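Have a look at this one:
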């Protein structure tokens, strides 16, 4: 075990697009676990778009992070020392911990990860929060049905790529929107989606018209903004919209505006629902078990974009907003 | 029977707020019914906000009206001559007919109105389309539950006043927003709503905060625009929004913009649904029967604002957008 520990702090709150000034890497001693705690050596940490919201000092579904406090993240790691009877040294665990080499945590904040089920990194992606978000969002919120045309944005992302595959498993026709040719290749060739649109080179409104000639029955929104304007114009009568994320707006200053769409909802008798994966926590086991089965059988493909080194975590986070990652963006802490 | 018939034509499409140039009154002979048709003498005609949409040349849930063609309206009237075996002279009927003294219509386009149930004018209001809109919107779309705080806009209108009373019957706490002191008196004293806000003199955001201190569980939206912005800011976690009308925007030129609200739906895990009463046509009898029972028992109060004379129909219609009417606006054609 190393005798020093690195961790990232929130140095200042960003305005608009965050930059490196927002983060500070500090070095301290490796902490000692108290009674009932374990010491975890981070193996992978997850960077996610929702973290942009936690850097903001406004009320939301989770408290904002404090300036000068550690950056938080879902982490998978190895127990190196345990003072909790439920865990032994060597166990693989996951939890909401820190952007750090080492962290101590009480046992109740950790879940055990089965390394025989799949590579442990998947506990942060396809078998973790993003996979469960896709599972509940597609099956419970959007309620996809066989024959639906499903449009998903950020379709090559950690959530979107699983949404598209769950919709395919449910008998839907699936069209994905993503921002590069390699992402389109991933969603159509590996994830089996029926068509893809590169929003950076195509006119999205026209492209949706071509790829969804009978309209959009289910729109799974990960991005918001202009693409969502176009998607709403193609909704069918009785369409459903699951609102999962709004990454296009997370770095906006002030309150973003756009066309008022409630009138469209009347005309289309459509239905829009926002959701948070945490509301489905009582069904966490169900989602993990089924996703693991589909990953095991090859029905759900997954990919990870892995950045090496804790020192590069801020860059990996910032890359999310530039669309650099395909599927799950992780940091390999080593 | 008179030997001449007056009817209003759509003379030109409005841009922005319509004026009298949009309407033309023409006089012709009283039409003769063909086989299977009846000749109806109009008794009351209904003017409704949705008609503004029909004057516009854009695709919607109903075809636009043609310039030079008759203005259409829900009408209740008396059969003066019948060539249809289902109807006799003297029968009271309702249907989507014209802004006219007389009109012929095939029997299948008419429903019989029972004059013993309630005054026949109610077939255009509390027992007609607006009453059914409130019934299905409140009970089926918004799914109000006992204990909910329900906020309704245009609360003194033909739909809103019934929404508020159905929500009270369902065990909810109800707050209405309306545009005059006499409207507030109507909704609180006659309709039994718990509180009211005059949006023309109060700051709506603050007023909602005061009248709904625990937030808004159900928002029944008849107006859209700025008031709806404020309502969304007060939604509780798990709130439901029924989108029924957007009268604040119907005269807008171009596409109105406002704050993007999908992010709020995530934070609040809220649910927004637009609806049209016509989708519930198979359950028309159920709604009419129950509403008639509540009107008969005094559990639902209603009011009508009646403008005399077919010649004043355009003015009665334009007054809707100035908020002149309390509850159902009718034209008494005599």
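Chains as they are written, first to last, in my numbering: chain A, 576 to 909; chain B, 576 to 909.
The beta-carbon is built from N, C-alpha and C at its ideal position, and this holds for glycine as well.
Predicted, not measured: the structure shown is a model, and the values here were computed from it.
| Check | Outcome |
| --- | --- |
| Separation of residue 844 of chain B from residue 851 of chain A, as counted between CA atoms | 7 Å |
| Classification of residue 797 of chain A by the beta-carbon crowding that lies within 10 angstroms, buried from 16 upward | buried |
| Candidates B:713, B:876, B:733: closest to residue 724 of chain B by CA position | B:713 |
| Nearest residue (CA-CA) to residue 757 of chain A, options A:587, A:744, A:771 | A:771 |
| Spatial neighbours of residue 754 of chain A in its chain, beta-carbon cut-off 7 Å, leaving aside the 5 residues before and after | 773, 774, 775, 898 |
| Per-residue contacts from residue 738 of chain B into chain A (C-beta, under 9 Å) | Here the premise fails: no neighbours, minimum Cβ distance about 15 Å. |
| Cutoff 8 Å; reference residue 700 of chain A; Cβ partners in own chain excluding five residues on either side | 621, 706, 733, 877, 879, 902, 903, 905 |
| Contact residues within the segment 843-855 of chain A, judged by C-beta distance below 8 Å to chain B | 843, 844, 845, 846, 847, 848, 849, 850, 851, 854 |
| Closest by C-alpha distance to residue 582 of chain B, when choosing among B:644, B:638, B:613 | B:644 |
| Proximity test, residue 818 of chain B beta-carbon vs the ligand MG heavy atom, cut-off 7 Å | As presented, the structure is devoid of all ligands, the ligand MG included, so that no description of it is given. |
| Cut-off 8 Å between Cβ atoms - residues of its own chain near residue 789 of chain B, not counting five sequence neighbours on either side | 724, 811 |
| Backbone CA spacing between residue 816 of chain A and residue 718 of chain A [nearest angstrom] | 10 Å |
| Exposure of residue 590 of chain B, with buried meaning 16 or more beta-carbon neighbours within 10 Å | exposed |
| Cβ-based burial, residue 871 of chain A [other Cβ within 10 Å; buried from 16] | exposed |
| Enclosing beta strand (DSSP E) for residue 619 of chain B [first to last residue] | 612-621 |
| Any chain A beta carbon closer than 8 Å to residue 799 of chain B | yes |
| The segment 817-824 of chain B touching the segment 741-753 of chain B, judged by at least three CB pairs closer than 8 Å | no |
| Where residue 830 of chain B meets chain A, residues with beta-carbon distance less than 7 Å | 834 |
| Three or more C-beta pairs below 8 Å linking the segment 671-682 of chain B and the segment 644-655 of chain B | yes |
| Of the residues B:678, B:802, B:792, the one placed nearest residue 722 of chain B, counting alpha carbons only | B:792 |
| Sequence-distant residues of its chain with Cβ nearer than 8 Å to residue 704 of chain B (five each side left out) | 621, 623, 649, 852 |
| Closer than 8 Å to chain A by CB, residue 784 of chain B | no |
| Interface residues of the segment 703-720 of chain A facing chain B [CB-CB below 8 Å] | none |
| Selected residue, minimal CA-CA separation from residue 631 of chain B, among B:664, B:597, B:747 | B:597 |
| Of the residues A:832, A:867, A:736, the one placed nearest residue 801 of chain A, counting alpha carbons only | A:832 |
| Three CB pairs or more closer than 8 Å across the segment 678-697 of chain B and the segment 608-620 of chain B | yes |
| Partners in chain B for residue 796 of chain A, counting only beta-carbon separations shorter than 7 Å | 837 |
| Listed by chain order, chain B residues near residue 818 of chain A by CB distance under 7 Å | 837, 840, 841 |
| Chain B contact residues for residue 636 of chain A, given Cβ-Cβ distances below 9 Å | 812, 841, 842, 843, 844 |
| Secondary structure of residue 804 of chain A, DSSP reduced to three states | helix |
| Close-in-space but distant-in-sequence residues of the same chain around residue 884 of chain B (CB under 8 Å, 5 per side omitted) | 906, 907, 908, 909 |
| Nearest residue (CA-CA) to residue 782 of chain B, options B:808, B:740, B:661 | B:808 |
| Cβ shell of residue 658 of chain B (< 8 Å), same chain only, five flanking positions each side left out | 608, 609, 610, 611, 612, 613 |
| Through-space distance from residue 747 of chain B to residue 761 of chain B, alpha-carbon basis | 18 Å |
| Within 8 Å of chain B by C-beta, residues of the segment 753-784 of chain A in sequence order | none |
| Chain A contact residues for residue 803 of chain B, given Cβ-Cβ distances below 9 Å | 835, 837 |
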